[in-house]
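Accompanying notes for the structure given below.
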Amino acid sequence: MIVAVCGTPLLAGALLLAAGRRAGRAAPAVAVGVAFLVLAAAVTAAVTRPAARFAFLPGRTGGLAVDDLSAVLAVTVASVLAAVLLYASVEGYGPRFHGLMLVFAGAMLVTVTASDLVLLLMGWEVMGAMSYALIGYIWQDAGHVASADIAFLTTRAADTGLYAAAGFALAGARSLELSTLSGAADPWRDLIAGGVVLAALGKSAQLPFSFWLARAMAGPSPVSALLHSATMVAAGAYLLLRLHPLLAATQWAETLVSWAGVLTALLLGAVALAQRDLKQLLAASTCAQIGFMFLGAGTGSQAGGTSQLVAHAAVKSLLFLCAGAWLATLGTQRLDGLPGAARGHRLVGVTFGVGALALAGLPPLSLWITKDTVLAAARERSPALLAAGFAASVLSAAYAAKALAWAWRPAADGTPGGPGHRTPVPAGTALTALAVAACVLGAVPWRRILGVPDEARPHAWGLAVSGTVAAVTVAAVVAAVRRGGFTAPRWALGWLYLERAAVAGVARPVMALARALDRFDDRVIDGAVRSAARGAWWASRLATGRIEVRVDGLTGAAGRGARRLGALARRPQTGQVHLYYAQAAVVLGVLAAVALLAR
Amino acid sequence: MNENPADLAPELCVLLAAALGLVHGLFLPRDRQGRVAVTCAAGLAAGFAAAAVAASRPALTAFDAFAVDPITHVTRLAVLGTTLGAVALAAGGVRGHPRESEHHVLMLLAALGTMLLGASTDLLVLAAAYLLASVPAYALAGFGRDAPGTEAALKYYLMGALLGVAMLGGVTLLYGVGRGTSYAVLQEGLGAAPAAAVAAGAVALLAGPLFKAGAVPGHFWVPDVAEGAPRAVAAFVTTVPKIGAFAALYRIGAQALPPGAAGWPALAGTVAAATMTLGNLAAFGQDNVRRLLAYSTIGQAGFLLVPVAMAGRGDLARPALLFYVAAYAVTNLGAFAVVVATGRDELSGYTGLLRDAPLLGGSLTVCLLGFVGTPPTAVFVGKVLMFGAALDGGQVWLAVVAALNTVASVFYYLRWIVPLFGRPDGPFRPARGPAAVAVTAAALSLALGTGAGAVLAR
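So the sequences go chain by chain: A and B.
Take 1249 as the starting number for the first sequence in my numbering and just add one per residue.
Take 455 as the starting number for the second sequence in my numbering and just add one per residue.
In structure tokens:
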């Protein structure tokens, strides 16, 4: 069963990719069918909890297993995959798109069900490679490919942390099983935690890696709806939720993750509020919302972090799909190009409104409850975390309201972008299902499902305060947008200059070093090789010209010398006995000296 | 004490043959003394058979002065075999000579002395054996009664007298400080003796065997005797006495002197290096093949002294010496046999031998290439063992010197080999008997070389 969950999308995706154009028009239908099969398998697996144990490395058992957390994640991934593919089935994407999406989802499913680091790394890496292919889906456009490069390179750079963690785990825990990592020996445990946190920060686009998500918006909207809601960016949060015992074992990792999350929520919330482009706003808000998941993971709120992940997955994929729908019909995703959009596409407008209000944390929608669960856990840790988290939630209400207000604003000339535009039935179904999920997911009994009944629950007054503040903020922002908006600071508009900083601080030095090494290679190493060749040539010329003659001469001299020595050797043979006697006596004396002195 | 005369059966066979030959010669007419050669050859053959039988028995000591061990076995077999060859070589030359029977008897007595030289484990017996091996050889050298032969005999005798006296002095000195003449007693007694006395005594003692071996400083007689004495006698004196001399030298190093006494490896190594270098260098410009062969035997003596220097060091020294000495004896006899067969002394006289007398020329080529150390001849195996012994004993410098000398020796051997392929000036008329000996020796050299594994396994 577990193999069916992970293997079906991988196999089907690979077949679609191999078939290529021959799959033709059947690809969307096949993909949707596979996605629903996977969903059914995932639900079954969530109930039956199968496990498959095998060892990739000799003596290091591992495998795939479904526990509480994996079950929730697997169902979430499968649901979002089904919804997104259903929506995309009428958008006219080819087999390559669907194949990549299926392989990507399969890799994510492997990642969330893996019980050892090797399998997790495999899923993690395939996911990264597929995300590169999907972000750069329109490869004919150099800009898209450059964006894919940046996204891929950034996440890959952070992924090295996970490789290092796997190595440290082998060294320290003598095991790669995720459940044993927290028991690793002393220096190794901290190193493993460091590697894991680095990889999670990169994959989830937390500070300071957030900028890659802005570039990832170059991909098609359904890609963003899958990658930047339930998968890819969620993988980092999942990893930290899964490995919370490891974080807890090293005090510093919990604190680091909490603060990285809450600061990302705060700063990227401000960035989202400043954006003038709908998809950029949504991307920044994704970073901010995942920041809440990190806060949950760092404060030990399994229920808060996971419910936030699931609810956000539904909300954000819904919003990305709506943005895609408008981009397709209006040709723009700029906020000031949106007025009239929601009114022209009623279904899209209504579902977008539901999603935006859920994102704003308005009662009684899902994120209101999940976010407050996380904040309740943060309150137990530190008031500063709570304060920063509360400020971030106000910001999330503000940017959600900004997007909502622009979308629902009437068109300036009174004519909606696409009057009477009808949404295709599959797309409408997908949007509606996601919107319903965005409403009700907060009411799910997460503590019971995840088996953590004792975790912090939101207080009634806390819920009341946050709901009221969210409502007031939404009202204020909508009023502000009505009045003509507000100017945003440049640092927020420019994503905190993170990309520029990364380019200046990392990319340029690395490139400069590479060029220097290249020059070194060209001039010194290559030069040495060349000069060695030249030297050999010179030496050979010298040898043929002079040395050979000399060697010849040397041989002749040796021969002559030997002859002379031969003549010398015959000299003692005088033929006169008295000389023989003298010589023999001298030699005997010398030999006596040798015998006496030699030891 | 073992006093069983049967343990000395090979020696007794030779002695009996010599006595019979002498008596025989007294009563035979001058023109029919050729039968004495047959008598002597029979005695040698009987001794060879007895030695071969004795070789299959365990080692023992007879009369407290004769070791009957592998060294003695190889010495006996090599001496008897080569003496048989030498008698065959000389038989034709001395036929009809007024003292033909004495010639053969002298050869037998010298061979007897040589065997005793190699078997004795007592200084006094060694001295007696030295005299027995030397005195008949002096007479043989001057047997031709011509001017060069007489000069050769005189020089041979004078050198032997000087070094023999030195040897007797050494025996006296070692007896004095070692309180005995038996090797076993000396090895115990010399350990506590003054080092200077032991060193002087050892060097003086070595003078005798070195003279018999034709090594520095007792090498002066070799070229003069090889050139001046009759060819068959030259073949005999440059081959047979050396066998016993090397056995005696090895015994002195391994059994008489305590380990490390008299600076042994360095002393014998110095002699070896000096001998091989001198012999090989002096052979360079020789146009007289007998002198060339004489210097070649000096060079080979140097190589043979390498395992002697390694006596008691490593397991390779003894097999190296015994195999090399047998190989040398066969090869040297073969080369001289060709000289006897052709009757020519000048290098230029051998031009075209391979064309005119392919068998004889081939035998000479095999023998000379053997001296160079070309596989699959016997000397090649001996040289390999010799290098192995030098390296085994940790004397790398000696191995290097030996290797350089081997390279240098190629030159003068090739000087002789190359003309063999040329066009002959006139027809060769090789003597049949010596030619047969040469062919036999060359064949034996090849057989020993190819069958070295089986021989060494014994």
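Glycine included, each C-beta is placed from N, C-alpha and C at the ideal position.
Would you kindly report the start and end of the unbroken beta strand (DSSP E) that includes residue i?
i: A496 (chain B); result: Note, A496 (chain B): premise wrong, no beta strand (DSSP E); alpha helix (DSSP H) at 488–509.
i: L1312 (chain A); result: 1308–1313
i: A463 (chain B); result: Segment 463–481 is the alpha helix (DSSP H) holding A463 (chain B); no beta strand (DSSP E) there.
So, are the CB atoms of residue i and residue j less than 8 Å apart?
i: L1623 (chain A); j: G1637 (chain A); result: yes
i: V625 (chain B); j: L659 (chain B); result: yes
i: A495 (chain B); j: R530 (chain B); result: no
i: G836 (chain B); j: Y782 (chain B); result: yes
i: A716 (chain B); j: Y637 (chain B); result: no
i: V589 (chain B); j: M561 (chain B); result: no
i: Y1486 (chain A); j: L1369 (chain A); result: no
i: L1836 (chain A); j: P671 (chain B); result: yes
i: A791 (chain B); j: A683 (chain B); result: no
i: L1575 (chain A); j: Y1335 (chain A); result: no
i: V1358 (chain A); j: G1376 (chain A); result: no
i: V1360 (chain A); j: M1378 (chain A); result: no
i: G1443 (chain A); j: G1484 (chain A); result: no
i: A1381 (chain A); j: A1406 (chain A); result: no
Could you please give the first and the last residue of the uninterrupted alpha helix (DSSP H) stretch that includes residue i?
i: V1253 (chain A); result: 1250–1267
i: A545 (chain B); result: 524–547
i: R1763 (chain A); result: 1756–1767
i: L627 (chain B); result: 601–632
i: A516 (chain B); result: Looking at the DSSP string, A516 (chain B) is not in any alpha helix (DSSP H); the run it does join, the beta strand (DSSP E), is 514–516.
i: A726 (chain B); result: 718–736
i: Q641 (chain B); result: 637–643
i: D678 (chain B); result: 675–682
i: H1782 (chain A); result: The question names His, but residue 1782 (chain A) in the sequence shown is Arg. It spans 1774–1790 - the alpha helix (DSSP H) in which R1782 (chain A) sits, taken as one unbroken run.
i: H1707 (chain A); result: First-last for H1707 (chain A): undefined, no H or E at that position.
i: G903 (chain B); result: 886–904
i: H551 (chain B); result: Careful: H551 (chain B) lies outside any alpha helix (DSSP H) and carries neither H nor E.
i: T693 (chain B); result: Looking at the DSSP string, T693 (chain B) is not in any alpha helix (DSSP H), and its letter there is neither H nor E.
i: W851 (chain B); result: 850–874
Excluding the 5 residues preceding and the 5 following residue i in the sequence, name in chain order all residues of the same chain whose CB lies nearer than 8 Å to its CB.
i: G707 (chain B); result: W718, A722, V762, A763, A765, G766
i: A857 (chain B); result: F841
i: L822 (chain B); result: A789, Y867, W870, I871
i: L1439 (chain A); result: A1412, A1413, F1416, G1420
i: R798 (chain B); result: V743, Y804
i: F1734 (chain A); result: A1728
i: R633 (chain B); result: V639, G643
Apart from the five residues just before and just after residue i, which ones in its own chain have a Cβ nearer than 7 Å to its Cβ?
i: A737 (chain B); result: L746, Y749, S750, G753, Y866
i: A1520 (chain A); result: L1529, A1532, S1533, A1536, Y1647
i: A843 (chain B); result: V760, P761, M764, G768, L770, A771, A774
i: W1460 (chain A); result: I1398, A1399, T1402, T1403, A1453
i: P1493 (chain A); result: S1430
i: L627 (chain B); result: A651, A654, G655, A658
In chain order, what residues of the same chain lie with their CB nearer than 6 Å to the CB of residue i, ignoring the 5 residues before and after it?
i: A1478 (chain A); result: T1324, V1325, V1328, A1561
i: G1666 (chain A); result: Below a pLDDT of 50, predicted positions are generally treated as unreliable, and G1666 (chain A), at 49, falls in that range; no measurement from the model is reported.
i: H673 (chain B); result: I752
i: V855 (chain B); result: A727
i: K1527 (chain A); result: M1465, A1571, Q1581
i: A1283 (chain A); result: L1329, A1330, L1333
With DSSP as the reference, identify every bridge partner of residue i, one or two as the case may be.
i: L1305 (chain A); result: A:R1308
i: E913 (chain B); result: Only positions 455 to 912 of chain B appear in the structure, and residue 913 (chain B) is not among them; the question remains open.
i: A1362 (chain A); result: A:L1312
i: R1582 (chain A); result: A:D1525
i: D576 (chain B); result: B:S636
i: G521 (chain B); result: Sequence inspection shows Ala at residue 521 (chain B); the Gly mentioned does not correspond to that position. Partner(s): B:T515.
i: A1299 (chain A); result: A:A1313
Problem - Contained alpha helix (DSSP H) runs [length at least 4] in the segment 1398–1464 of chain A, N- to C-terminal order - result: As far as the segment 1398–1464 of chain A is concerned, its whole alpha helix (DSSP H) runs of at least 4 residues are 1434–1451, 1459–1464.
Problem - Length at least 4, wholly inside the segment 1511–1578 of chain A: the alpha helix (DSSP H) runs in chain order - result: Taking only runs of at least 4 residues, the alpha helix (DSSP H) segments lying wholly in the segment 1511–1578 of chain A are 1526–1546, 1550–1578.
Practice task
Go through the segment 1331–1359 of chain A residue by residue and report every complete run of the beta strand (DSSP E) that reaches 3 residues or more, in order.
Solution key: None, since the segment 1331–1359 of chain A contains no complete beta strand (DSSP E) of that length.
Problem - Ordered list of alpha helix (DSSP H) runs contained in the segment 800–835 of chain B, each at least 4 residues - result: Qualifying alpha helix (DSSP H) stretches, in chain order: 807–810, 812–826.
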